[in-house]
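For the sequence shown, the numbering used here begins at 1247 and goes up steadily by one. Inspection log for the structure reproduced underneath, given as structure tokens.
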Amino acid sequence: MRKKIHTSKRAQVSSQVFTYMMAAIIIAAIVFVGFNGIAKILKTFQGAPLEKFESDLRKQISSTSTSYMSVELFEFTLPSKYDEICFIDSLNVGSIESSVAENSVIKNKIQSKVEENIFLIQDGDVLEAYYIEDVDVLDDYVCVENQGRLGIWFQGTGKHACLKLTQNEACE
């Protein structure tokens, strides 16, 4: 004869609730970790075009500056969130009149003699700034509106690169 074992239905219900709660916690943790990972990857991809631009610009200036009288077009694309890019002459950074700059943040940087000569601007605010030496800018200061694909010219002087907006402008 077999003995019947009676199990409490309440105990079964409690263990099922515990199992479902643990499953929900594990799923929530997996989703949280997954979203954080995806957010980090997206942030890395967003910064990549800007890092490539800075690297390419440095290479262009470096290669052009040592080539006497060579004139090269540097074409680039800025991310659409930037309205314009501004350049300040790195050879005269301490002696440039702040009045040449239209942007108040750049005026303050010129007055403070901060070593930054390339500015990426959105809605009048400087979001990114770099310093690249050996950049001679005609008129000491120039801004270019972001219209998608942009092009600026560099002329080598043997010691630095002269930035100009058209190929025919003469560097001093």
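The beta carbon of each residue, even a glycine, is placed where N, CA and C say it ideally should be. Here the structure is a predicted model, which means the values were calculated and not measured.
Check                                                                                                                                                                  : Outcome
Residues in its own chain within less than 7 Å of E1330 by CB, not counting five upstream and five downstream?                                                         : I1367, C1389, V1390, E1391, N1392
Got a sec? Which residues, its chain only, sit under 6 Å from G1404 by beta carbon, not counting five neighbours each side?                                            : Y1314
Look at the alpha carbon of M1267 and the alpha carbon of A1285, and state the distance between them as a whole number of angstroms.                                   : 27 Å
Comparing alpha-carbon positions, which option in Q1357, V1381, K1353, G1394 lies nearest V1372?                                                                       : K1353
Do L1409 and F1400 count as a contact pair if the criterion is CB distance below 8 Å?                                                                                  : yes
I'd like the span of the beta strand (DSSP E) that includes V1360, first residue to last.                                                                              : No beta strand (DSSP E) contains V1360, which DSSP labels as neither H nor E.
Could you check which residue in E1300, S1311, F1333, S1316 has the C-alpha nearest to that of F1322?                                                                  : E1300
Three-state secondary structure (DSSP) at T1403?                                                                                                                       : coil
Please report the Cβ distance between D1386 and H1406, rounded to the nearest whole angstrom; I am assuming they are in contact, meaning their Cβ atoms lie under 8 Å. : With a Cβ gap of about 14 Å, D1386 and H1406 do not count as contacting.
Could you say which of P1325, K1289, V1360, F1320 lies nearest to G1394 if we only look at CA atoms?                                                                   : P1325
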